[in-house]
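Protein chains in written order, with the numbering used here: chain H, 656 to 1479; chain D, 12 to 144.
These notes are about the structure you will find just below.
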Amino acid sequence: MVNVTIDDKQVTAPKTATIYEAAKLNGIKIPILCHDKKLKPFGACRMCLVEVEQMKGRQIPACTTPVTEGMIIRTSTPDIIKARKMVLELLLLNHPLDCPVCDKSGDCDLQNLTYEYKVNTNRFKDEKFHHSIDYNNPLIERDMNRCVLCGKCARICDEIVSFGALTFIDRGIETKIGCEFDDALNCEFCGSCISVCPVGSLLARPFKHKARFWALTKHTSVCGYCGTGCNLTLGVKDNKVLTTIYDENQGFHKGQLCVRGRFGYQFINSSQRLTSPLVRKNGKLMETSWDEALELVAGRLKNGTSVAALATPRLTNEELALFKTLLLENVGTKNFDHSAGFAHSALTEGFVRSFGESASSASILDIQKSDMLLVIKTDSYETHPVVGFEVNMAVKNKGVKLAIISDKRGKLSKLPDATTLVHRPGCEVAILNAIAKTIIDEKLFVDTASTVPGYAEIVKALSEFSAESVAAQSGLAAADIKKLASEYATAEKALIVFPVGQGYAGHNADLASATANLAILTGKYGKEGCGVLCLSEKSNSQGAVDMGFYAQDGGLNGLQILDACVSGTVKTLFIAGEDPLTSYPDRTKVKAALDAVEFLVVSELFLTETAAMADVVLPACSFAEKEGTFTSTDRRVQYIKPAIRKNAQTKTDYEIFSDLITCLGGQAAVTPAEKFSEIAEHAPGYTGLSHIILRKDGAFATAATKPAFVVPKATPSPATENGKFALVTGSVLYHNGTLSQYGEGPMHVCPEGYLELSRTDASAYKIADNDLITVASAAGSMQLKAKVSSRMPAGVVFAPYHFSSAPINTIWTGSPVTMVTVAK
Amino acid sequence: MNPITPIINGMKITFKHMFLKPVTLQYPTERPKVSQRFRGLHGLKVSHSKAKCVACYLCPTVCPAKCITVEAAEDANHDKYASVYEIDMLRCIFCGYCVEACPVDALKMTGEFELANYHRQDFIYSKERLLEK
């Protein structure tokens, strides 16, 4: 800490702070346009000029000058104010005065400063800019006439998003922000550039002219898409969520969002939302009253063990706990599950046996504190983009080493010095086992490892996974595997990250155990910057596991429930928010199950394909309309409250379950807050938490690790056949689950399913981008648009699973790798 | 005081008025001439055959009676215009703040004061009714 005097006030600040940061820390405001706390200092705008006595009263920029001991700083002498006025005059010389039509008005740094410094005349004269405005992009509108060249957009795109879509182009007075060759913007559309723009140069097109900034009510919430647990500020007007608002102080990610979080909110107020309960009468879904619908459902739920339920992990903890109570106590069935029964197995089986707890042994915050990251599948960026930003920052700012084991290259492979081992699909577990074996062979493990239960078994079981044999099998070089093993083992701190989800059937309990073995062998768990982080797919996937909402004690799991529907043992199926027809493997089987089941109840926001097959459809509420808690992938429990009033004809899932309990003669449910105190008593790690405690920043549920070695089963990857491609499924950056199909932003960028294939294969089959190609597997065939990319290795094709219009489960039956043929 | 004096004074005034112009206006056959600064019904000014209003939302923001509804939209030239501009005359207090706030001088208050109507709905003046003729 150093002592400095700012405006005659004695203050202390950290040694690394700049004058700007020191002043801000001590409540002294220095005006600035080009600074964001996530970005490196730049010094472009010259608004933050201050005088430092030791520097002979020269005016120096506060944002780039570090504090030194004994500095005497003045932030607002008459000279400085004069200089700042001049800066504003010069900016306003070229900045168009179109505040009435500019959507930034009210939230504009330049406007606020102009007002504050009373710059109402201009001594200079010049022409305004005549840059052409990019109206064509559906998400980001670029008007370079308004730009003040602070460079924040270009810097955030480079430093955090690591895409580098925007940069300064041209020189001198002609300088502007643009894309390469002044072309159209074609990026990830995360909108980070919009969030930091101090003026109206970059604007969110979906929000254009919708409302003025000052008319919006700001509601903090937690994003309802993936499991990262990003905090959101929703801008609400007239009971409609119109936009998301940037707040650099929000959450671990400091307001940073991905395309889904920032642009995918439209499903909340979609006109397609269900507004009334529907009951099937004479083969058609007809609107009905809640009383009739609930009575009908309650009547069917009396059938005990012939009832089964599937819930989406987008429900809150309270809802899942109440649903479980309803099923166990009032209905009397153990047949309930979520996420197709396999997407959570890494946690519920893998981590339980390896770490003694169904949770990751690391948090997202560990990423930047680590020395080495081992990422399984480059898809970690696509499934959890904001976690990806953390990886970007760790690698680029903190010099963290990045190694990736993946079946294709991806955005993460492009990071500086990232090593990507591209292997044949489906060999992840074998490769991890080979790494473990190398660590054992080369005696790189810690002494305590041999005392961990299961050590002898694992040494024996790994004998067949020599680096050489696995290398031959997976298409890697043995030396690379060995090098990775020694790098991982010798790094002081190392963290393993892997995504799970309905598109990643191979990321199962065995993969979790294989990664856990590495961490346990090298003692890299339970410490800062170490451990294994499993990225769970949806906003409350970890919560669903913590609430115990999965098949246990002989209950049927997700896929078994569907089998039981076909065989007739399950007669009533209650689906809360899932869309198995699109997102579960093997569409034919799912369809047969939903056809066969006698009574199908679906509570949903939209009339999905699954809901359209139901006997009763109950209109439910989105995350913006309910109260409860979400547990993020690293077990941060966060509180959400309604941002808008729900439609009077819809009920939250909590109310639906509560009403059903009453219909079945049970005791009416308590409020969500009281339900959460019940949860806190029972759920491991939740002790002491309550809605009141969680209201502000949320809190981590603790996890205690009890390590054990488990022999992971390595399923051999399917043999390559001539003329066949290995199809791997997964998530695409712009979507999460099937819900994002109802968000306009994601659908603008990625409106339909596709098949991504390598350039080599494309040229061999004479396939060009957007060609319609027929993809066939043993299960069926379908038509998909082709997307030719340089990241796919030859012989491997990738397809996302989110789309009802192109359901990949027509050809995918749940195996990690499916052999398919491709024809034009 | 002489009891006759007040009567004489009173009659003086009476007789004086016999030679002055009458104050009473024979409304509706005769109509008042309102002052230039009279604050009557609003009018949306037109320039280049379209409304000058750019839908900046300053009038609904400043309106103390919250009687103005504006909805902005983008036209074919990507210019911002008011797709909806409504004033609820039952709520309006004719303070003129909206005119004062307008940054593009698109709004005025006319001399029109005959705003009586039969239905509540008729008091909501849409953009078409407000456009100056």
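Yeah, the Cβ is synthetic: ideal placement off N, Cα and C, and Gly gets one too.
Point to revise | Other residues of its chain near G1043/H: CB distance less than 6 Å, five sequence neighbours each side excluded | key: In the first sequence, counting from the first residue as 1, residue 1043/H sits at position 388. Counting only Cβ-Cβ distances below 6 Å, and skipping sequence neighbours, we find Y1036.
Exercise for review: Enumerate, from N- to C-terminal direction, the unbroken alpha helix (DSSP H) stretches of 4 or more residues contained entirely within the stretch 690-765 of chain H.
Suggested key: If you keep only unbroken alpha helix (DSSP H) runs of at least 4 residues inside the stretch 690-765 of chain H, you get 733-749.
Point to revise | Cα-Cα separation between R713/H and P1448/H, rounded to whole angstroms | key: Position 58 of the first sequence, counting from 1, holds the residue named residue 713/H. Position 793 of the first sequence, counting from 1, holds the residue named residue 1448/H. Approximately 58 Å between the Cα atoms of the pair.
Review point. Applying a beta-carbon distance threshold of less than 9 Å, which residues of chain H neighbour T80/D?
Key: Taking the first residue of the second sequence as 1, we reach residue 80/D at position 69. Within chain H, no residue comes near T80/D; the closest Cβ sits about 10 Å away, beyond 9 Å.
Point to revise | CA-to-CA distance, K119/D to K144/D, given in whole angstroms | key: Taking the first residue of the second sequence as position 1, residue 144/D is located at position 133. Taking the first residue of the second sequence as position 1, residue 119/D is located at position 108. Approximately 13 Å, taken between the alpha carbons.
Exercise for review: Determine the direct distance from the alpha carbon of M941/H to that of N88/D, and round the result to whole angstroms.
Suggested key: If you number the second sequence from 1, residue 88/D lands on position 77. If you number the first sequence from 1, residue 941/H lands on position 286. Going by the C-alpha atoms only, they are around 44 Å apart.
**Study point:** Supposed contact pair T723/H and T673/H - C-beta distance, whole angstroms, cut 8 Å
**Key:** Stepping through the first sequence from its first residue, residue 673/H is reached at position 18. Stepping through the first sequence from its first residue, residue 723/H is reached at position 68. Their Cβ separation, rounded to whole angstroms, is 11 Å, which puts T673/H and T723/H out of contact at 8 Å.
Check your understanding: the stretch 790-801 of chain H: which residues have C-beta closer than 7 Å to a C-beta of chain D, in chain order?
Key -> Y790
Point to revise | Partner residues on chain H for A83/D, Cβ-Cβ distance less than 7 Å | key: As a first step, residue 83/D must be located in the second sequence, where it is residue number 72. Those within 7 Å of A83/D in chain H are H864.
Exercise for review: Have a look at A1419/H, P1362/H, A1356/H, A1338/H and flag the residue whose alpha-carbon is nearest the alpha-carbon of G1378/H.
Suggested key: To locate residue 1378/H, count along the first sequence from 1; it is residue 723. Taking only the C-alpha atoms, the option nearest G1378/H is A1419/H.
Review point. How big is the Cα-Cα spacing for A859/H and Y790/H?
Key: Position 204 of the first sequence, counting from 1, holds the residue named residue 859/H. Position 135 of the first sequence, counting from 1, holds the residue named residue 790/H. Their backbone Cα atoms lie some 11 Å apart in a straight line.
Practice item. Please check the pair F1364/H and V1451/H, which I expect to be a contact at CB under 8 Å, by giving their CB distance rounded to whole angstroms. Key: As a working mapping, residue 1364/H is identified with position 709 in the first sequence. As a working mapping, residue 1451/H is identified with position 796 in the first sequence. In fact, because the Cβ distance is near 32 Å, the residues do not count as touching under 8 Å.
Practice item. Please report the residue range of the beta strand (DSSP E) in which K119/D lies. Key: By one-based count along the second sequence, residue 119/D stands at place 108. Where K119/D is concerned, the enclosing beta strand (DSSP E) stretches over 118-120.
Exercise for review: May I ask you to list, following chain order, the residues of the stretch 752-786 of chain H that have a beta carbon less than 7 Å from some beta carbon of chain D?
Suggested key: P755, V756
Practice item. Please report the Cβ distance between V934/H and A948/H, rounded to the nearest whole angstrom; I am assuming they are in contact, meaning their Cβ atoms lie under 8 Å. Key: For the purposes of this step, residue 934/H is identified with residue 279 of the first sequence, where counting begins at 1. For the purposes of this step, residue 948/H is identified with residue 293 of the first sequence, where counting begins at 1. 6 Å between Cβ atoms; contact.
Review point. What are the complete beta strand (DSSP E) segments, minimum 3 residues, inside the stretch 889-923 of chain H?
Key: 895-899
Review point. Quick one: which chain H residues come within Cβ less than 8 Å of Y96/D?
Key: Here residue 96/D refers to the residue found at position 85 of the second sequence. Simply none; closest approach about 14 Å.
Check your understanding: If the cut is a Cβ gap below 8 Å, which residues of chain D does R1414/H touch?
Key -> Your numbering for residue 1414/H matches position 759 in the first sequence. What R1414/H touches in chain D: nothing, since even the nearest Cβ is about 38 Å away.
**Study point:** M656/H, DSSP secondary structure in three states
**Key:** Taking the first residue of the first sequence as 1, we reach residue 656/H at position 1. Reduced to three states, the DSSP call for M656/H is coil.
Practice item. Can you give me, in chain order, the residues of the stretch 866-890 of chain H that have a beta carbon less than 9 Å from any beta carbon in chain D? Key: A866, R867, W869, A870
Review point. Quick one: which chain H residues come within Cβ less than 8 Å of V65/D?
Key: Here residue 65/D corresponds to residue number 54 of the second sequence, with the count starting at 1. What V65/D touches in chain H: P755, V756.
Review point. Cα-Cα, which of L1319/H, C913/H, R797/H, T875/H is closest to L889/H?
Key: Against the first sequence, residue 889/H aligns to sequence position 234. Considering only alpha carbons, the answer is T875/H.
Exercise for review: Find out if the Cβ-Cβ distance for the pair A1049/H, S1025/H is shorter than 8 Å.
Suggested key: By one-based count along the first sequence, residue 1049/H stands at place 394. By one-based count along the first sequence, residue 1025/H stands at place 370. Going by C-beta atoms, A1049/H is nearer than 8 Å to S1025/H.
Exercise for review: Could you list which residues in chain H have their beta carbon closer than 8 Å to that of H53/D, in chain order?
Suggested key: Indexing the second sequence from 1 puts residue 53/D at position 42. Here the premise fails: no neighbours, minimum Cβ distance about 18 Å.
Practice item. For P1401/H, count neighbouring Cβ atoms within 10 angstroms of its own Cβ and tell me buried if that reaches 16, exposed if not. Key: As a working note, residue 1401/H is residue 746 in the first sequence. The residue in question, P1401/H, is buried, as its Cβ has 16 or more Cβ neighbours within 10 Å.
Practice item. Hey, could you find the ends of the beta strand (DSSP E) E1411/H is sitting in? Key: Locating residue 1411/H in the first sequence gives position 756, where the first residue counts as 1. Annotation for E1411/H: the continuous beta strand (DSSP E) segment containing it runs 1409-1413.
Review point. In its own chain, which residues sit with a C-beta less than 7 Å from the C-beta of E1147/H, not counting the 5 before and 5 after it?
Key: Locating residue 1147/H in the first sequence gives position 492, counting from the first residue. So the list reads D1026, once near-sequence residues are dropped.
**Study point:** Within-8 Å CB hit, P75/D to chain B
**Key:** Given the protein chain composition of this structure (H and D), no chain B is represented.
Practice item. Counting only runs of 3+ residues fully inside the stretch 45-106 of chain D, write out the beta strand (DSSP E) ranges in chain order. Key: The stretch 45-106 of chain D contains, as complete beta strand (DSSP E) runs of 3+ residues, the segments 53-55, 79-85, 91-99 (chain order).
Review point. Do three or more CB pairs link the stretch 1155-1165 of chain H to the stretch 1187-1207 of chain H at distances below 8 Å?
Key: The answer is yes - the stretch 1187-1207 of chain H touches the stretch 1155-1165 of chain H, with three or more Cβ pairs under 8 Å.
Check your understanding: If P33/D and C67/D are in contact, beta carbons under 8 Å, what's the gap, nearest whole angstrom?
Key -> For the purposes of this step, residue 33/D is identified with residue 22 of the second sequence, where counting begins at 1. For the purposes of this step, residue 67/D is identified with residue 56 of the second sequence, where counting begins at 1. Their Cβ separation, rounded to whole angstroms, is 47 Å, which puts P33/D and C67/D out of contact at 8 Å.
Review point. In three-state DSSP terms, what is C881/H?
Key: For this step, residue 881/H is matched to residue 226 along the first sequence. DSSP places C881/H in strand when its eight states are reduced to three.
Exercise for review: Anything in chain H within Cβ reach of H59/D, meaning under 7 Å, just list it in chain order.
Suggested key: The residue you call residue 59/D lines up with position 48 of the second sequence. The contacting residues do not exist; H59/D stays about 16 Å from chain H at best.
**Study point:** DSSP state of S1068/H mapped onto helix, strand, coil
**Key:** The residue labelled residue 1068/H in the question sits at position 413 within the first sequence. DSSP places S1068/H in helix when its eight states are reduced to three.
Check your understanding: Going along the chain, which residues of its own chain have a beta-carbon closer than 6 Å to the beta-carbon of V1404/H, five neighbours each way excluded?
Key -> Along the first sequence, read from residue 1 onward, the residue named residue 1404/H stands at position 749. Closer than 6 Å at the Cβ level, and outside the excluded window around V1404/H, lie F844, Y1389.
Exercise for review: Run the CB neighbour count on R778/H, radius 10 Å, all protein chains shown included, and call it buried at 16 or more, exposed below.
Suggested key: By one-based count along the first sequence, residue 778/H stands at place 123. Exposed, by the Cβ-count rule.
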